[in-house]
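The sequence shown lines up with residues 10 to 132 when you count with the working numbering.
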Amino acid sequence: MRSTETPESKTFDEYKNTMTTEKALELIHNYFPLIEVADNPWYYGGEFNFKSSDGQMSLGDLRKIVERCKNDQDPSFRELAAACDYIANTVMGQNIFNEIKRNNRFLRRENLDDYIKMQNEAR
């Protein structure tokens with residue numbers, strides 16, 4: 010990290026104020042399995058419940074992650090919450106989400122993979 014701030018010192022709002030589309034999509038891609046089960050009960054004895062996985066994500070899933078993780082003690086979850094907030098709660102983010110999912114009701118991981126690959130090739 011170039012600044013003198015440690016990741017632990019960043020708040021949700023600090024992550025949110027510096028979030029970019031590229032970073033938000035990277036984090037959502039990396040945490041896809043966690044996000045797409047967000048609307049389901051996810052803690053059973055401290056473990057995430059991936060049994061309800063259907064491989065699909067909605068804006069509601071992203072908003073649940075914001076709600077559950079923005080005040081988490083783990084800075085990576087606060088950063089993830091900021092990324093989800095960026096996509097789910099901004100017009101630009103929602104437009105990108107809808108572009109990626111195309112005419113489908115939900116976003117599938119393959120759609121996100123294809124979009125990121127296309128963006129990387131365009132550079």
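The C-beta atom is built at its ideal place from N, Cα and C for all residues, glycine as well.
Check                                                                                                                                                       : Outcome
Could you tell me whether the Cβ atoms of CYS93 and ALA33 are closer together than 9 Å?                                                                     : yes
Taking 9 Å as the cut-off, decide whether the C-beta atoms of THR20 and ARG87 are in contact.                                                               : yes
Could you check how far apart the C-beta atoms of ILE109 and ASN120 are, in whole angstroms? I think they sit under 8 Å.                                    : 5 Å
Check for me: the alpha helix (DSSP H) holding ARG132 runs from which residue to which?                                                                     : Premise fails: ARG132 is in no alpha helix (DSSP H) and is neither H nor E.
Could you tell me how far apart the beta carbons of GLU45 and GLN65 are, in whole angstroms, since I believe they sit closer than 8 Å?                      : 6 Å
Just grab the DSSP bridge partners of GLN103 for me.                                                                                                        : DSSP output for GLN103 lists no bridge partner at all.
Quick one: what does DSSP say MET28 is sitting in, helix, strand or coil?                                                                                   : coil
Note down, in chain order, each residue of its chain lying with its Cβ closer than 7 Å to the Cβ of HIS38, except the 5 sequence neighbours on either side. : LEU121, ILE125
Where THR30 and ASP81 are concerned, what is the direct C-alpha to C-alpha distance, given to the nearest angstrom?                                         : 22 Å
Using only the alpha-carbon positions, how far apart do PHE115 and THR27 sit?                                                                               : 27 Å
Rounded to whole angstroms, what is the Cα-Cα separation between VAL100 and LEU71?                                                                          : 14 Å
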